[in-house]
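Structure, as C-alpha cells:
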Amino acid sequence: MPSIKIASHPFSDQRPGTSGLRKKVQVFQQPHYLENFVQATFDSLPDRHGKTLVLGGDGRYHNDVAIQTILRMAAANGFAKVIVGQHGLLSTPAASCVIRKYQAFGGLILSASHNPAGINGDFGIKFNTANGGPAPEKITEAIYTRSLHLDEYFISDSRDIDLATIGQQHIDEMQVAIIDPVTDYAELMASIFDFPAIRALLCNGRFQMRFDAMHAITGPYAHEILEKRLGAELGTVINGTPQPDFAQGHPDPNLTYAHDLVEEMFAENAPDFGAASDGDGDRNMILGSRFFVTPSDSLAILAANAHLIPAYQVGLKGIARSMPTSQAADRVAEKLGIPMHETPTGWKFFGNLLDDGQTTLCGEESFGTGSDHIREKDGLWAVLFWLNILAARQQSVADIVVEHWRKFGRNFYTRYDYEAIPMEQAKQLMSGVEARLAELPGMVMAGRTITYADNFSYVDPVDQSHTTGQGLRIGFDDGARLIYRLSGTGTDGATLRVYIESYQTEESKLLDDAQQALADLIELSDSLARITEITGRDAPTVIT
Ligand code: G16
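Residue numbers (this note's numbering): 6 to 549.
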C-alpha cells in the first residue's frame, strides 16, 4: 500500500506537560489531532529512518484506535520495525524495559497515567528516547514548536493489524513484532530481586498480601509475577483485569482513590502488606497492616535497605528526589556517604543522572520510585523491593518504618491538592506568593524562622540545561518546608499542589498523626498564599 500525504492544520495546544501530551479523549478524537502530534514527534527525530520503535499503552479508551494510526504513520515515516505489545498493551515501565532490552531507537507510550479514562476521560501520548526514559525538554519543546506549523502528515493506506496474535506482521516495508507485554519485564524483575526469598515469604502460610491493580495495566503483570512466578495465593491481586475506562475509577494509588485496598488494609485482621499501582503501572502505594508509608519515606527506606537486594548489594551511586519530595532520603544519603540530587518534578529530570551513573535510586512524592534498571518509575518494582525487604528482615511494615524514624528522625509530610481551580485564580495565587519571596527570609512564622524563599531552578549537572520556575519554596531553620506548585499533568483548569513538611527527632513525637504534627504549617500555607480567600475553597480536593 502506498503512503499518502494528508493535508492538515496546526494545533496551538500540543505542548507536552510534566509527562507527555495529556488531553481529554474528545480533544484527541478531533480529526488530525493525534496524527499531527505524532508527525511533529517524528519530524523532530530526523535520524529515525530504518530504526526500531516500541509502541504500547495502558489500554485506556482510544488506545486501540491510536495504536493502529501510529503503526500506519510509523510505516510511512521510515521506521524499519515497530515492537508492539499484544493488544497494544505495555505498562510504562515495561515499555522502558523493552526499549532498552531491544536497543530500540525510542518508543511511544499511550497513557494519561493515573487520570481517569473512558470517553469522557483523558488520553495521552509521550515519546521515550533510546535510554528508555521520557524525552528531555529539548525534544519535547522541538515537538511543540514543530506542531505549531505542521500542516501535513504521512500515513500508510494499509489495513488494521491483528494485534491479538503474537508474532511478525508487516505494514508495507515495515516489520511489526507483536510481543507478550509481560515476559521481558518479568525476567528483568527476577534478575534484580531475590525471588526464592520472596516466594518463601508469600508461601509461608501466614503472610497475607493484597495488590490492587485498580482495573488498569498492572493487572496482567501482577498476576504473572506475584501469583504465578512467586506463588502468592490466587486472589492476592484484586481489580486485575484492565478495562478501557478503568471501571470508571481513578487509578491513582493514594489513600483517596485506592479505596478497595485502603478499606481492607485498615480493617481488623488486615493483610500484612498492601500495594497498588496506577493506570500505566509506574506509580506505587505501599501499606502495612493499618499503616500508610508515604512515598517520600518509602524512598528513604528502600535506600537504607538496598544492601538486602541482590542487584543493589554493590552499593548505591547516589539518590535523587524531586524537589517537593520530603528530605527523608537526604538523611540516608548522608549516612551512606553518597550524593543526593534534588531535581524538578518529572521523571525526565532523572534520566541524565541515571545515564551518567550519578544515581541508582530515584523517587518522587507523587507515588513514584525507581532505579537505574530502567528509565521510568516502576510500580511493581517498588512492591517487589518492599517484599524483598520484608522477606529479609522478617518484620512488619510498621516496625521497619518506625525503626527507620528512630534512626534518622521523621519527616512529617503531607500534600494538599486543589484540583480544577480556574487558571486565573491559580496564577493570582502563585504570583502573590512569588511577590513576597524576597521579604520572607528572616521572618518568623509558625514559630520558625524562614531561612530561604525562592522559585526553584535547576541546572542539570550532565548537560548544563537550565530549568526555571519549578515551584515556590519556603524553607525554615528547623528543616521544615512549604512548597507551592502548579501541576503539569492536569487537564481541567489548574491544580494547585501545596507540599508541607517538618522534621522531628524527639522520640515521644515520632508516632504523632501527620495532620496534627503539621497543623501550624498547614494553617500558614493557607494564609500565606491566601488560598481560601482567592479560590473560595475551604478544603483541598485530595490530601495525601
Ligand atoms: C508524572 C511524572 C512525575 C510527576 C507526576 C506529577 O507522573 O512522570 O514525574 O511527579 O506526573 O506531576 P504534576 O505534579 O505536575 O501533576 P505520572 O504518573 O502522571 O506519569
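Even glycine gets a Cβ: it sits at the ideal position worked out from N, Cα and C.
Keep in mind it's a predicted model, so treat the numbers as computed, not measured.
Proximity to residue i [Cα-Cα], best of the options
i	options	result
Thr134	Arg234, Tyr226, Leu155, Gly25	Gly25
Gly112	Glu192, Ser401, Ala140	Ala140
Ile291	Glu424, Thr299, Asp285	Thr299
Val503	Ala544, Asp518, Ser513	Ala544
Glu538	Ala431, Glu444, Thr546, Asp283	Ala431
Leu153	Pro247, Ser49, Ile88, Gly138	Ser49
Leu498	Pro249, Asp335, Ile426	Note on residue identity: the sequence assigns Gly, not Leu, to residue 498. Considering only alpha carbons, the answer is Ile426.
Glu528	Ile505, Leu155, Ala195	Ile505
Gly224	Glu269, Ser327, Ala191	Ala191
His312	Asp63, Ala99, Phe198	Phe198
Arg490	Ser436, Gly293, Leu341, Leu304	Ser436
Asn125	Glu269, Lys28, Ser331, Ala458	Lys28
Ala534	Leu442, Tyr107, Phe372	Leu442
Tyr421	Phe16, Ile343, Ser492	Ser492
Thr330	Pro349, Ala122, Ala338, Arg542	Pro349
Thr494	Tyr463, Glu424, Gly447	Glu424
Arg33	Thr74, Ile11, Ala12, Phe47	According to the sequence as given, residue 33 is Phe; it is not Arg. Measuring from the Cα of Phe33, the nearest candidate turns out to be Thr74.
Met179	Ala81, Ser17, Asp285	Ala81
Pro315	Ala397, Leu304, Gln332	Ala397
For residue i: DSSP bridge partner residues
i	result
Ala325	His346, Cys367
Val402	Bridge partners of Val402: none, in fact.
Lys86	Thr57, Gln180
Lys10	Phe159
Lys28	Phe128
Ile4	Outside the shown range of the chain (6 to 549) lies residue 4, about which nothing can therefore be said.
Ala122	Partner(s): none; Ala122 has no beta bridge.
Gln173	Ala182
Asp37	Contrary to the premise, residue 37 reads as His rather than Asp in this sequence. Answer is none; His37 lacks a bridge partner.
Phe16	DSSP, once it has assigned bridges, lists no residue as partnering Phe16.
Ile505	Thr419, Leu487
Leu292	Gly279, Phe297
Ile114	Gly61, Lys131
Whole-angstrom distance between residue j and residue i, CA atom to CA atom
i	j	result
Ala485	Gln31	43 Å
Tyr158	Ile488	42 Å
Arg288	Ser282	5 Å
Ile9	Arg65	28 Å
Ala5	Gly474	Examination of residue 5 is not possible in this model, given that the chain is present from 6 through 549 alone.
Phe271	Arg336	30 Å
Asp517	Gln213	27 Å
Val43	Glu369	29 Å
Arg164	Thr496	33 Å
Glu439	Val242	46 Å
Tyr149	Glu142	10 Å
Leu445	Lys514	28 Å
Ala519	Ala263	20 Å
Thr500	Thr145	22 Å
Arg295	Arg53	51 Å
Gly476	Leu168	43 Å
Tyr508	Asn416	4 Å
Met428	Asp404	43 Å
His119	Leu341	34 Å
Glu512	Ser196	39 Å
Thr246	Asp482	49 Å
Gln521	Thr364	34 Å
Asn136	His92	24 Å
Asp69	Leu523	46 Å
Lys382	Pro98	7 Å
His471	Tyr463	6 Å
Leu366	Asn460	25 Å
Met328	Glu347	5 Å
Pro15	Ser301	41 Å
Asp162	Pro51	23 Å
Gln19	Gln35	13 Å
Leu155	Ser13	7 Å
Contact test: residue i Cβ vs the ligand COA heavy atom, cutoff 7 Å
i	result
Thr348	By its list of ligands, the structure shown excludes the ligand COA, since it contains just the ligand G16.
Quick one: any contact between the region 383 to 400 and the region 203 to 212, if contact means 3 or more CB pairs under 8 Å?
yes
Please give me, in chain order, every unbroken run of the alpha helix (DSSP H) with length at least 4 that falls completely inside the region 180 to 258.
188 to 197, 200 to 207, 223 to 227
Say whether the region 318 to 332 touches the region 394 to 414, bearing in mind that this needs 3 or more beta-carbon pairs closer than 8 Å, one atom from each stretch.
no
Taking only runs that begin and end inside the region 131 to 157, name each unbroken alpha helix (DSSP H) of 4 or more residues, in chain order.
142 to 152
Contiguous alpha helix (DSSP H) assignments of at least 4 residues, all confined to the region 403 to 467:
428 to 441
Examine the Cβ distances between the region 115 to 131 and the region 77 to 89 and report whether three or more of them are shorter than 8 Å.
no
Quick one: any contact between the region 216 to 236 and the region 257 to 268, if contact means 3 or more CB pairs under 8 Å?
yes
Segment contact flag, the region 52 to 62 with the region 95 to 112, C-beta cutoff 8 Å, min 3 pairs:
yes
Say whether the region 165 to 175 touches the region 354 to 364, bearing in mind that this needs 3 or more beta-carbon pairs closer than 8 Å, one atom from each stretch.
no
3-residue-minimum beta strand (DSSP E) runs that sit fully inside the region 471 to 498, ordered along the chain:
477 to 481, 486 to 491
Which full runs of the alpha helix (DSSP H) of 4+ residues lie inside the region 519 to 545, going along the chain?
519 to 522, 524 to 534, 536 to 540
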